[in-house]
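Numbering (this note's numbering), first residue to last: 349 to 755. Every residue gets a Cβ at the ideal spot worked out from N, C-alpha and C, and that includes glycine. If you're wondering where the values come from, they're calculated on a predicted model, not measured in any experiment. Notes for the one structure printed next.
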């Protein structure tokens with residue numbers, strides 16, 4: 349009997365799996381699944397890195413130069429800045445939006461120059477834009493490849509001409525995408541049991557925050573704000589899962605908050621800000637030099653001109669590059685809409701008269717004395733005045749930088 353029992357026990361033990369095998373199976377079952385990044389995260393991150401690097405190489409000939417000039421003015425005087433391009437106190441200049449103020453605060457806090465802050469802001473804008481696309485597409489569809497497809501036009505638009513990126517527009521669109529995602533999520537939320545305000549979505553503080561964001565978009569880029577408002581109304585109408593009537597007052601409160609933010613902005617009234625001047629009120633850039641000068645970095649000129657001094661030129665790319673490094677220009681090719689029309693015309697006429705070969709030297713001296721002009725940036729077809737000394741030139745465009753003798 350004992351022999352039979354021992355044999356049976358040995359046979360049963362042989363049928364059991366090894367202890368190590370049981371332990372390994374339990375360990376594998378308890379191990380969390382391996383995390384893999386989504387295709388959008390990988391490709392979006394790659395696009396962000398490439399476009400961020402390109403932003404540092406973009407010349408300050410166009411939009412980037414104007415934004416850098418805005419940052420430079422705010423860095424000098426945060427509360428009462430001058431116009432971005434001309435040395436006059438800014439009055440109702442729509443360039444000083446909340447987005448520009450954030451850049452100015454960053455420049456004052458870090459000591460970075462205007463061009464550096466603009467390049468860093470481009471990376472932040474792209475990050476906001478990419479995350480906004482991800483949030484909105486997750487709200488509208490479970491398909492993980494939809495945001496990946498949207499990267500193609502985004503990359504083409506930004507890569508086509510990085511010098512003409514509109515940073516405020518990119519920021520406004522990015523905020524709009526986040527605003528839509530938030531509005532759609534709030535509108536689709538169903539009140540849970542125990543909610544102190546059942547069937548009353550959004551909550552009051554959510555409506556206020558959504559309205560403030562819409563007001564900020566209105567201040568930064570009014571055209572984008574129109575689309576943002578239409579998108580919010582569409583999401584509210586089609587995604588609200590409860591009766592809309594109980595929520596009307598709360599969404600109306602969001603609209604009131606948006607209008608209030610735009611109306612009370614201290615730098616200008618977002619509801620009545622003057623529009624951009626028409627082409628007839630602008631100074632035409634030189635036709636023969638425009639294409640070639642558009643890609644000129646103008647570092648050969650900005651190295652000589654100190655910040656805060658006035659330069660006389662009719663080259664639009666040079667204007668933005670010089671202003672982006674802190675200098676002023678006598679007349680901007682696209683004057684600020686807040687600048688008085690008479691002042692814009694007088695300055696444009698002064699530039700045209702100074703560059704006219706038939707203008708006598710005494711009148712030229714009067715122009716430089718009146719406007720405090722100490723520097724000239726002339727094209728290869730323009731004559732150098734008698735009292736000007738050439739300090740630098742561009743072999744690529746033939747433009748020269750000259751210092752005007754003090755009268």
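Quick check: residue i and residue j, are their CB atoms within less than 8 angstroms of each other?
i, j, result
"residue 745", "residue 644", "yes"
"residue 442", "residue 685", "yes"
"residue 688", "residue 664", "no"
"residue 590", "residue 558", "no"
"residue 494", "residue 560", "no"
"residue 392", "residue 488", "no"
"residue 523", "residue 460", "no"
"residue 422", "residue 382", "no"
"residue 752", "residue 716", "yes"
"residue 386", "residue 486", "no"
"residue 565", "residue 576", "yes"
So, with DSSP's three-state summary, where would you put residue i?
i, result
"residue 530", "helix"
"residue 609", "helix"
"residue 719", "helix"
"residue 676", "strand"
"residue 707", "coil"
"residue 583", "helix"
"residue 655", "coil"
"residue 440", "coil"
"residue 588", "coil"
"residue 724", "strand"
"residue 633", "Here the model assigns residue 633 a pLDDT of 47, short of 50, so the residue's position is not dependable, and the following value carries that caveat. Residue 633: coil per DSSP, three-state reduction."
"residue 737", "strand"
"residue 540", "Because the pLDDT of residue 540 is 49, which lies under 50, any placement of that residue in the model is unreliable, and the question is left without a value."
"residue 682", "coil"
"residue 454", "helix"
"residue 555", "helix"
"residue 430", "strand"
"residue 660", "strand"
Looking only at its own chain, which residues have a Cβ that is under 6 angstroms from the Cβ of residue i, when we skip the five neighbours before and after it?
i, result
"residue 444", "615"
"residue 633", "For residue 633, the predicted model reports a pLDDT of 47, less than 50, meaning its position is unreliable; a value from the coordinates is still stated below. Within the same chain, residue 633 has close Cβ partners 664, 681."
"residue 567", "445, 446, 610, 613, 618"
Going along the chain, which residues of its own chain have a beta-carbon closer than 8 angstroms to the beta-carbon of residue i, five neighbours each way excluded?
i, result
"residue 669", "407, 408, 409, 413, 644, 645, 646, 649, 650"
"residue 741", "648, 747, 748, 749"
"residue 350", "Per-residue confidence for residue 350 stands at a pLDDT of 48, beneath the threshold of 50, marking its modelled position as unreliable; no derived number is given."
"residue 436", "430, 687, 691"
"residue 541", "With a pLDDT of 47 at residue 541, under the threshold of 50, the predicted position of this residue should be treated as unreliable, though the coordinate-derived value follows. Excluding sequence neighbours, residue 541 sits near nothing in its chain."
Who are the Cβ neighbours of residue i in its own chain at under 7 angstroms, not counting the five residues just before and after it?
i, result
"residue 370", "Note that residue 370 scores 49 on pLDDT, short of 50, meaning its location in the model is unreliable; the coordinates nonetheless yield the value given after this. Nothing meets the Cβ criterion."
"residue 400", "470, 471, 474"
"residue 712", "702, 733"
"residue 754", "none"
Residue range of the alpha helix (DSSP H) that residue i falls in?
i, result
"residue 477", "462-488"
"residue 402", "387-405"
Of all the CB atoms in chain B, is at least one closer than 8 angstroms to the CB of residue i?
i, result
"residue 565", "Any reference to chain B falls outside this structure, which holds one protein chain only."
Starting from residue i and walking both ways along the beta strand (DSSP E), at which residues does that stretch end?
i, result
"residue 731", "Note, residue 731: premise wrong, no beta strand (DSSP E); not H, not E."
"residue 751", "748-752"
Measure the beta-carbon distance from residue i to residue j and round it to whole angstroms, keeping in mind my assumption that it falls under 8 angstroms.
i, j, result
"residue 676", "residue 434", "6 angstroms"
"residue 525", "residue 562", "Rounded, the Cβ-Cβ distance is 13 angstroms, inconsistent with contact."
"residue 607", "residue 572", "Wrong, their Cβ atoms sit about 16 angstroms apart, outside the cutoff."
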